[in-house]
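Enquirer: The structure's right below; bear with me while I get my questions together.
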Amino acid sequence: MNDCSSSSSASPFESSPSAVATDESDSPHSSLLLPNLPDDIALQCIARVPPFYHNELSLVSKSWLSMLRSTVFLSTCDRLNCSRHFLYFNVEIYGSSFKWFALDHNPKNPRNLYPVPPIPSQPIGSTFAVLGPKIYALGGLVNNTLSSAVWIFDSRFNRWESGPKMHIGRKLAIAGVLNGKIYVMGGCGQSTNWAEVFDPVLGFWAPIPSPVEVTRRLFCASAVMEEKFYALAYYQGGVVFDPCDSSWRNAPTELSLRWRGRVVVDGILYCYDGFGKIKGFDLKEGKWKELKGVQRDSPAFIVDVVMANVGGRLFVLWVENRNQTEISCSEVEVSKDSNGGLWGSIVWSEVILAVPVSSYIAACLAVEF
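Residues 4 to 372 in this note's numbering are what the sequence shown spells out, letter by letter.
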C-alpha cells in the first residue's frame, strides 16, 4: 500500500525537473544506437523494453533521447505490439491539491503504483478525455474563473504540455472520444459554443450546433456506445448525439439511472448503484442487469466509486474511511453467458493508496501506450 504523504522512491514515471514539454525530435540520431547493430535492429530491441523504463533509457545519450521521442520508435512499438495498459487516477487531497497516480497493469505485478506530475495550473473541475497515449484536461476553474485552457499529458514521456484552447471556459463538463475526435459539452451555461469537437489532425476546436432545449439541461455523465455520444442529465433525462449526421435525440428512459463510475466494456455500460451492486446496461436489450459473481467484494453503500476499462477488464476504484482514508481497487474480468446474463470474476482486490481524510477520486482513466 502506498501513502501519498510519504516520500516516494525513484519511479519509472519520473522525468526531468520540468514536467512541461519542450521541443522534441522527429527522427533518431544518425549514429549507431547499439554497437555492432544496425539501427533498425537496435530499435526493435529497445522497443521491447517496458515503457516505464524509457525515462531511464533516455539518460543513456542524446541519441537515445532523440530516438525515444521519435515517431519512428513509436511506430516500431506499435508494429511489434509492445504497448502496455495503465490506469491513471486523480485524487483531490483535502486541504491541499490534486495528485495524479498511475497503476501499471503488468500481468506479473498488476499493482505497481507511481506518482505522476501534476497539471501546472491545478484547475478545479476539469473534464478529462483520453486520445491515444494522451490525457486531455479540459477547462476547469482557475482563480475562480472558468478556463478554456487545455492541458495534454503525454504518457509516453510523462509530462504535460499546453494544448489548443476551447472557444469557451468550462467547469464540470462532459466529454467523450468518437472516431479519433474529442467531444465536450456543457459546463458553461447556454452558448453557441455549448458543444465543441476537437480534431487532433487539424489541431483546433469547432462548435457543434446544439438545440436550445438541450443546452438548458445540467448533464452529469457521458458514455460512448455504438459510435454515439450519450449524455445523462440530472433531472430532465438523457440525450444522444450522432456525429455522423449531427443529430440529437432523447436517450432511452431506462438510462436515467444515476451513473456512478460509468464505463463501457465490450459494449455494456457498467455503473455502481450505490447499494453494493454493479449493474450493466445492454443497449440491444434496453435494460439494466446485475453483474453477478462479485457481490461479496463489491463496495457497499459508498458514493465515491469510479471505473475504467483497462485492456478489456473492468477496474473499480473506491474510497473507504477506516482508521484512515484508503483507496481500494479491484480488477474484474466480465463476460456474458448464453442467456445474456452478466458475470464478473475478481482477478485481484486490495487497498492501493492511503490518503488524508475527506480526499476523493476526481478522475479515473485508462491509457494504452
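Backbone N, C-alpha and C define an ideal beta-carbon position, used for all residues, glycine too. Predicted, not measured: the structure shown is a model, and the values here were computed from it.
Would you decide whether P212 is buried or exposed? Buried here means 16 or more other CB atoms lie within 10 Å of its CB.
Expert: Exposed, because fewer than 16 other Cβ atoms sit within 10 Å of the Cβ of P212.
Enquirer: Would you call the stretch 140-157 and the stretch 216-223 in contact, with 3 or more CB pairs under 8 Å?
Expert: Because the criterion of three Cβ pairs below 8 Å is not met, the stretch 140-157 and the stretch 216-223 do not touch.
Enquirer: Mind checking whether H88 and H108 have CB atoms under 8 Å apart?
Expert: Yes.
Enquirer: Which same chain residues end up closer than 8 Å to N324 when comparing Cβ atoms and leaving out the 5 residues on each side of it in sequence?
Expert: Hits under 8 Å: V360.
Enquirer: Taking Cβ to Cβ, would you say A140 is nearer than 8 Å to I127?
Expert: No.
Enquirer: Suppose contacts are defined by Cβ-Cβ distances below 8 Å. Is M228 in contact with Y273 by that definition?
Expert: It is not a contact, given that the beta carbons lie outside the stated cut-off.
Enquirer: With a 10 Å radius around its C-beta and 16 neighbouring C-beta atoms as the bar for buried, classify N253 as buried or exposed.
Expert: N253 should be labelled exposed.
Enquirer: In the structure shown, what three-state DSSP assignment does K168 receive?
Expert: Note: K168 maps to coil in three-state DSSP.
Enquirer: Please state whether DSSP places S28 in a helix, a strand or coil.
Expert: Only weak support is given to the placement of S28: the predicted model assigns it a pLDDT of 43, under 50, and the question is left unresolved by the model.
Enquirer: Residue range of the alpha helix (DSSP H) that T218 falls in?
Expert: 215-218 is the span of the alpha helix (DSSP H), which, as asked, contains T218.
Enquirer: Measuring alpha carbon to alpha carbon, tell me which of K231, T256, E230, A226 ends up nearest G240.
Expert: Here the closest residue by C-alpha is T256.
Enquirer: Compare the C-alpha of I171 against each of G192, R162, D248 and name the closest.
Expert: Taking only the C-alpha atoms, the option nearest I171 is G192.
Enquirer: Quick check: the Cα distance between F232 and K184, rounded to an integer number of angstroms?
Expert: Roughly 12 Å separates the two Cα atoms.
Enquirer: Would you report the Cα separation of D202 and Q327, rounded to the nearest angstrom?
Expert: Approximately 43 Å between the Cα atoms of the pair.
Enquirer: Would I177 and G189 be called neighbours here (beta carbons separated by less than 8 Å)?
Expert: Closer than 8 Å, so yes.
Enquirer: Between C332 and S352, what straight-line distance do the alpha-carbon atoms span, to the nearest angstrom?
Expert: Those two C-alpha atoms are separated by around 6 Å.
Enquirer: I'd like the list of long-range same chain contacts for G206, defined as Cβ closer than 8 Å, with 5 residues on each side in sequence excluded.
Expert: Around G206: P167.
Enquirer: Measuring straight from C-alpha to C-alpha, what distance separates K137 and R299?
Expert: About 35 Å.
Enquirer: Ends of the alpha helix (DSSP H) at D65?
Expert: Here the sequence assigns Lys to residue 65, which means Asp is not the residue at that position. Taken as a continuous stretch (DSSP letters only), the alpha helix (DSSP H) holding K65 covers 65-71.
Enquirer: Mapping DSSP to helix, strand and coil, what is C48?
Expert: Reduced to three states, the DSSP call for C48 is helix.
Enquirer: Check whether the Cβ atoms of G179 and S150 lie closer than 8 Å to each other.
Expert: No, they are not a contact pair.
Enquirer: Is DSSP giving D245 helix, strand or coil here?
Expert: Three-state result, D245: strand.
Enquirer: Considering only residues of the same chain and omitting the five flanking positions on each side of D245, which have a CB-CB separation below 6 Å?
Expert: Same-chain partners within the cutoff: K231.
Enquirer: What's the C-alpha gap between H32 and A50?
Expert: Per-residue confidence for H32 stands at a pLDDT of 44, beneath the threshold of 50, marking its modelled position as unreliable; the derived number appears in the next sentence. The straight-line gap from Cα to Cα measures roughly 16 Å.
Enquirer: Nearest-angstrom Cα distance between F92 and L368?
Expert: Looking at the two C-alpha atoms, the distance is approximately 6 Å.
Enquirer: How would you write the range of the beta strand (DSSP E) that F201 sits in, first residue to last?
Expert: Taken as a continuous stretch (DSSP letters only), the beta strand (DSSP E) holding F201 covers 198-202.
Enquirer: What span of residues does the beta strand (DSSP E) with F76 cover, start to end?
Expert: Per DSSP, F76 belongs to no beta strand (DSSP E); it is in the alpha helix (DSSP H), 74-82.
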